[in-house]
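**Student:** Take this structure first; my questions come after.
Protein chains: 2
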Amino acid sequence: MAQKREYLSKNQKIVLDYIEKANQPLKAYSILFNVQKKGLKAPPQVYRALDRLVEIGKVHKIESKNAFVACKNSNCTISNATAFSICDGCEKVTEISNPKLSKYLSGFQDNSGMKYNKYNLEFFGLCKKCR
Amino acid sequence: MAQKREYLSKNQKIVLDYIEKANQPLKAYSILFNVQKKGLKAPPQVYRALDRLVEIGKVHKIESKNAFVACKNSNCTISNATAFSICDGCEKVTEISNPKLSKYLSGFQDNSGMKYNKYNLEFFGLCKKCR
DNA sequence: TATAACATTGTTATATTATAACAAATTTAT
DNA sequence: ATAAATTTGTTATAATATAACAATGTTATA
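These protein sequence lines are chains X and E, in that order. The first sequence begins at 1 in my numbering and counts up one residue at a time. The second sequence begins at 1001 in my numbering and counts up one residue at a time.
This is the structure we're talking about:
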């Protein structure tokens, strides 16, 4: 099993810092544009950092939006159980942190013989303001 | 509220037929390539059909793979509650049809004030063969 | 039937998202 | 010191998706 750094590289830090400040999902090319002043000039630099950040759970990808958001669970180190709430009105995305839900889904089994080790759930609806 | 056709247009039928025969998720451009002999020559023709088929629930999009699969619930007319099982080994995707799960998720509420009317859940793991 | 309203189609071009490939520089372990 | 591995920088291109608009087809109803 390949060893991997336990700390973040320079580019990974730059990208994570920027995402954490945003408090909302960001598109990869918008991140790219905004970190160009820090020296990351080309897409692979951003995508590589994102890949790693997602792998270690510091960042999640909102698949339905091709956007990236910082993990809110400060202790999160691996990203295998994610749930989001997405407002179709204002597009606000919130990470759902609900022990019952995650327990239910982590324990979910069906009779297919599949052994699940990861899930991603996206709820859509309208938030208070947008209703 | 705009009225919409209740039956499928020519292009929608062509695309749906092809997806239904596949029994596995297909990429939009692979669909395009394969329906060119039927006269659909450009991406918008395929994407438009897909958009509509997804909207009426005949087809689901597997967001994590940018792929499209026919709905297995023959009576499915609206696509607001979807769950899939995805094997990380062979990439096989199966639509999960589990009344308990869908009941649990359809009834899910948190204290955010969000009113959910749709969800999509993707489970990842290894199927029997790939373990 | 005529025709207005609307939905679908065909088409070209382009926007958006993401990766391949490889050389150079940096970091790590010995 | 130096080999091994990782990260970085860079160019090019692949893969996914939409904008815009003219032409055609369909539906309802006057």
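The C-beta atom is built at its ideal place from N, Cα and C for all residues, glycine as well. All values derive from a computational prediction rather than experimental measurement.
For my contact list, I1014 (chain E) and K1041 (chain E) are in at a C-beta cut-off of 8 angstroms; report their separation, rounded to the angstrom.
**Tutor:** For a cut-off of 8 angstroms, the C-beta gap from I1014 (chain E) to K1041 (chain E) is around 12 angstroms, too long to register as a contact.
**Student:** For chain X, find out if any of its Cβ atoms is closer than 9 angstroms to the Cβ of N1034 (chain E); answer yes or no.
**Tutor:** Not an interface residue.
**Student:** Does K1072 (chain E) have its Cβ less than 9 angstroms from a Cβ in chain X?
**Tutor:** no
**Student:** Across the stretch 1046-1056 of chain E and the stretch 1085-1105 of chain E, are there enough close Cβ pairs to call them in contact, namely three or more that are closer than 8 angstroms?
**Tutor:** Touching, no, given that fewer than three Cβ pairs across the two stretches are closer than 8 angstroms.
**Student:** To the nearest angstrom, how far is it from the Cα of D51 (chain X) to the Cα of D1110 (chain E)?
**Tutor:** The straight-line gap separating the alpha-carbon atoms of D51 (chain X) and D1110 (chain E) is approximately 30 angstroms.
**Student:** Who are the neighbours of L101 (chain X) on chain E, taking C-beta pairs under 7 angstroms?
**Tutor:** F1108
**Student:** Roughly how many whole angstroms lie between the Cα atoms of S64 (chain X) and N1117 (chain E)?
**Tutor:** Answer to the nearest angstrom: the Cα atoms are 16 angstroms apart.
**Student:** Using a Cβ-Cβ distance cut-off of 9 angstroms, determine whether L121 (chain X) contacts chain E.
**Tutor:** yes
**Student:** In terms of residue numbering, what span does the alpha helix (DSSP H) encompassing L32 (chain X) cover?
**Tutor:** 28-35
**Student:** Let's test the definition: count the other Cβ atoms within 10 Å of the Cβ of S106 (chain X) and tell me whether it reaches 16, buried, or not, exposed.
**Tutor:** exposed
**Student:** Output the distance between the C-alpha atoms of D147 (chain X) and L126 (chain X), rounded to the nearest integer angstrom.
**Tutor:** Nothing in the structure corresponds to residue 147 (chain X), since chain X is present only between 1 and 131.
**Student:** Give a yes or no on whether the minimum CB-CB distance between K128 (chain X) and chain E is below 9 angstroms.
**Tutor:** yes
**Student:** Starting from R131 (chain X), find everything on chain E with Cβ-Cβ shorter than 7 angstroms and list it in chain order.
**Tutor:** K1115
**Student:** For P1099 (chain E), which of E:E1122, E:A1081, E:Q1045, E:V1093 has the nearest alpha-carbon?
**Tutor:** E:A1081
**Student:** In terms of residues, what are the limits of the beta strand (DSSP E) holding Y1007 (chain E)?
**Tutor:** In the DSSP assignment, Y1007 (chain E) falls outside any beta strand (DSSP E) and carries neither an H nor an E.
**Student:** May I ask you to report which of helix, strand or coil DSSP gives I1086 (chain E)?
**Tutor:** If DSSP states are grouped into helix, strand and coil, I1086 (chain E) belongs with the strands.
**Student:** In this structure, how does DSSP classify A70 (chain X) when only helix, strand and coil are distinguished?
**Tutor:** In the structure shown, A70 (chain X) falls within a strand segment according to DSSP collapsed to helix, strand and coil.
**Student:** Does DSSP put L121 (chain X) in a helix, in a strand, or in coil?
**Tutor:** strand
**Student:** Going by DSSP in three states, I132 (chain X) sits in which element: helix, strand or coil?
**Tutor:** What the structure shows of chain X is the stretch from 1 to 131, and residue 132 (chain X) is not part of that stretch, so it cannot be assessed.
**Student:** Would you mind stating whether N66 (chain X) and A22 (chain X) have Cβ atoms separated by less than 9 angstroms?
**Tutor:** Their beta carbons are not under 9 angstroms apart, which means N66 (chain X) does not touch A22 (chain X) by this criterion.
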